[in-house]
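**Student:** For the sequence shown, our numbering gives the first residue as 15, with consecutive numbering after it. Dropping the structure in here first, questions after.
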Amino acid sequence: MINEKELAQLSYDEAPKMVTSVPGPKSQKVLEDSFEYESMARGAGRYPMVYAEGKGATAKDPDGNVYIDMTAGVAVNSVGRCNPRVIKAMQDQMSTLMHAGDMSNVKRTELAQKVSSVMPSGLRENCITYFGQSGSAAVETAIKFVRKITGRSQIVAFHGAYHGIWLGGNSLTTGDQYRKGFGPFMPGVIHIPYPYCYRCCFGLEYPSCDLQCAKYVDYVLNTPYTGADDVGAVIIEAQQGESGYVPTPPGYLAIVKKACEKHGALYISDEVQAGAGRTGKMWCIEHYDVEPDMITWGKGMGSDVAMAGLTMRKDLAAQIDDYSQPNTWAANAMTCAAAMANIDILTENDGALIKRCAEVGEEISQQLREGAKDTELIGEVRGKGLMIGVEMVEDKESRTPLNGDKMGQILGAYLNKGVVVFPCGRYGNVIRFMPSLIITREHATKAIDIFLDVVKSI
Ligand SMILES: Cc1ncc(COP(=O)(O)O)c(C=O)c1O
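Written out as structure tokens, the structure reads:
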């Protein structure tokens with residue numbers, strides 16, 4: 015059982031509380047300096063809110079405005095910003111050992127054991143972890159290891175996929191803003207349709223479609239005329255993140271896994287965004303009863319620190335040569351201690367916080383669906399747990415993505431009322447709700463109430 019009163023103490027009580035418009039004068043100065051000195055190639059650099067302090071599922075800007083934060087640092091701060099138990103673990107570790115290069119340290123081994131214990135069926139207690147500092151590094155490593163293990167060089171990825179921004183992962187990632195002008199990319203990537211049911215590219219509807227798109231994966235892998243003659247792996251997000259918080263429909267992933275098995279390709283579940291409890295289970299793939307060969311993870315596993323990894327079955331890891339993938343900063347003892355505390359909080363009491371995440375997610379999804387009845391602008395509310403996407407449209411009938419001006423109006427008004435969200439989606443028209451798992455019910459429902467008021471005012 016979760017003690018709701020204790021959870022409430024992790025965040026600012028009074029949120030939102032706005033004292034200036036956004037950005038206020040102090041924030042404006044920070045933004046101007048940032049534009050002067052930092053590359054705006056980074057994500058969300060021009061977002062007008064500036065973080066000065068973070069507490070749980072709330073945050074404060076330099077002008078003293080207090081926000082409900084529905085971003086959790088893009089699905090990262092799973093147990094809340096500056097969680098006291100994570101801080102304590104880091105402080106204890108800081109005065110003992112932080113950097114040990116890529117040599118053994120006590121904390122990284124403890125973390126590798128912990129990661130193994132929380133893996134889904136098929137990998138749990140039967141896996142080996144390679145540590146990195148970002149989701150991109152985890153994916154990059156997966157690409158190399160797949161080649162070495164299978165002796166094959168092709169990888170199947172999906173339209174709308176986001177697997178990171180280094181050249182290997184970027185080759186798997188779609189989206190013009192990440193690709194145009196940066197090519198040529200890694201050869202051997204085959205992109206095929208993702209089951210984005212709201213905008214099915216085959217014009218079909220689930221379930222009467224009989225999952226033709228999943229059968230297409232099987233067709234691509236098993237037909238000698240598709241060019242997929244050397245496929246080492248299929249990499250997929252069980253719920254796509256950056257391209258719109260789109261969950262795969264029931265039954266889809268099982269067909270993909272079967273096709274992989276038939277064709278000798280590895281199945282990689284990219285859980286960087288959807289993992290670490292965010293969807294109401296430790297791993298998103300656990301909603302689908304499919305056993306992956308490898309998992310790439312990151313974001314929410316570190317909560318406030320950069321921690322990521324590739325976890326693969328033991329028999330696969332055994333085929334990777336020693337010393338073939340060194341990484342100076344991997345598994346710094348302090349970040350391992352933080353990740354350990356984070357995973358402990360997520361999984362203790364039989365995963366009570368993750369179960370609560372499923373409940374709170376369902377409650378606010380319901381609230382959104384109810385609210386959507388009174389507006390033409392909300393086309394679909396979807397997602398699992400606290401990984402909720404709201405697809406904004408011009409009207410429900412046409413499903414035309416809401417234009418950028420109206421999206422900007424909604425986001426600006428919402429921020430000025432004290433709630434932080436980031437959009438995503440192939441057309442930039444999906445508002446995602448991905449707060450820390452420790453968000454209070456009061457803050458979560460308040461954030462949605464304000465959102466619905468804002469949308470109805472446009
Ligand atoms: C599914 C997925 N894979 C990989 C990445 C890359 O992670 P990072 O930004 O930590 O490099 C992301 C980031 O959003 C992601 O959502």
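Cβ coordinates follow ideal geometry from the N, Cα and C atoms, glycine included.
Which term fits N91, buried or exposed, when burial requires 16 or more other beta carbons within 10 angstroms of its beta carbon?
**Tutor:** Flag for N91 reads buried.
**Student:** Between the C-alpha atoms of Y51 and D329, what's the straight-line distance to the nearest angstrom?
**Tutor:** The straight-line gap from Cα to Cα measures roughly 47 Å.
**Student:** Can you tell me where the alpha helix (DSSP H) holding M348 begins and where it ends?
**Tutor:** M348 -> alpha helix (DSSP H) spans 347-386.
**Student:** Determine whether the beta carbon atoms of K470 and T414 lie at a separation below 8 Å.
**Tutor:** No; because the gap between Cβ atoms is not below 8 Å, this pair is not in contact.
**Student:** If V80 sits next to P30, beta carbons under 8 Å apart, how far is it from one beta carbon to the other, in whole angstroms?
**Tutor:** About 6 Å separates the two Cβ atoms, so the contact holds.
**Student:** Given this structure, state the Cα-to-Cα distance separating Y441 from G246, to the nearest angstrom.
**Tutor:** Going by the C-alpha atoms only, they are around 31 Å apart.
**Student:** Is T237 buried or exposed, if buried means 16 or more other CB atoms sit within 10 Å of its CB?
**Tutor:** So T237 ends up on the exposed side.
**Student:** Between T342 and Q107, what straight-line distance do the alpha-carbon atoms span, to the nearest angstrom?
**Tutor:** Distance between the alpha carbons of T342 and Q107 is about 19 Å.
**Student:** Taking a contact to mean a Cβ-Cβ separation below 8 Å, would you say T143 touches A126 in this structure?
**Tutor:** Cβ distance < 8 Å, so T143 and A126 count as in contact.
**Student:** State the DSSP-derived secondary structure class of K295, mapped to helix, strand or coil.
**Tutor:** K295: coil per DSSP, three-state reduction.
**Student:** When the distance is taken between beta carbons, is L391 closer than 8 Å to L416?
**Tutor:** Cβ distance < 8 Å, so L416 and L391 count as in contact.
**Student:** Can you tell me which of the three DSSP states Q253 falls into?
**Tutor:** Strand, per DSSP.
**Student:** With distances taken Cα to Cα, identify the nearest neighbour of T72 among I452, I462, I472, F465.
**Tutor:** Cα-wise, what sits closest to T72 is I452.
**Student:** Ignore the nearest five residues each way along the sequence and tell me which others in F436's own chain have a CB closer than 7 Å to its CB.
**Tutor:** Contacts found: A58, T85, V88, R446.
**Student:** Can you tell me whether R122 is helix, strand or coil according to DSSP?
**Tutor:** If DSSP states are grouped into helix, strand and coil, R122 belongs with the helices.
**Student:** What is the rounded straight-line gap between the Cα of I464 and the Cα of S167?
**Tutor:** When rounded, the distance between both Cα atoms is 49 Å.
**Student:** Please report the distance separating the alpha-carbon of E275 from that of M308.
**Tutor:** Rounded to the nearest angstrom, the two C-alpha atoms are 14 Å apart.
**Student:** Do the stretch 363-381 and the stretch 144-153 meet, that is, are 3 or more Cβ pairs less than 8 Å apart?
**Tutor:** No, the stretch 363-381 does not touch the stretch 144-153.
**Student:** Provide the residue span of the alpha helix (DSSP H) that contains E456, from first to last.
**Tutor:** Where E456 is concerned, the enclosing alpha helix (DSSP H) stretches over 455-471.
**Student:** Kindly list the residues whose CB is nearer than 6 Å to the CB of R396, restricted to its own chain and excluding five residues on each side of it in sequence; keep chain order.
**Tutor:** Correct list, in chain order: G403.
**Student:** M112 and A347 - do their beta-carbons sit closer together than 8 Å?
**Tutor:** In this structure, M112 lies closer than 8 Å to A347 by Cβ.
**Student:** In whole angstroms, what is the alpha-carbon distance linking A279 and K295?
**Tutor:** Cα to Cα, the separation comes out at about 26 Å.
**Student:** Quick one: what does DSSP say F196 is sitting in, helix, strand or coil?
**Tutor:** Of the three classes helix, strand and coil, the one that applies to F196 here is coil, per DSSP.
**Student:** At a cut-off of 7 Å, would you count D358 as near ligand 1, judging by its Cβ distance to the nearest heavy atom?
**Tutor:** No, the beta carbon of D358 sits no closer than 7 Å to any heavy atom of ligand 1.
**Student:** Using DSSP bridges, identify the partner residues of M401.
**Tutor:** Answer is K398, bridged to M401.
**Student:** Would you say G165 touches ligand 1, meaning its beta carbon is less than 7 Å from a heavy atom?
**Tutor:** No, since every heavy atom of ligand 1 falls outside the 7 Å radius drawn around the Cβ of G165.
**Student:** Which ranges does the alpha helix (DSSP H) cover as unbroken runs of at least 4 residues, wholly within the stretch 81-119, from first to last along the chain?
**Tutor:** Fully enclosed alpha helix (DSSP H) runs of 4 or longer: 86-89, 98-108.
**Student:** Could you tell me which residues DSSP puts in a beta bridge with D284?
**Tutor:** Looking at the DSSP assignment, D284 forms a beta bridge with T310.
**Student:** For A252, count neighbouring Cβ atoms within 10 angstroms of its own Cβ and tell me buried if that reaches 16, exposed if not.
**Tutor:** Classification of A252: buried, given that the 10 Å Cβ count is 16 or more.
**Student:** Would you mind reading off the limits of the beta strand (DSSP E) that contains K74?
**Tutor:** Start and end: 72-74.
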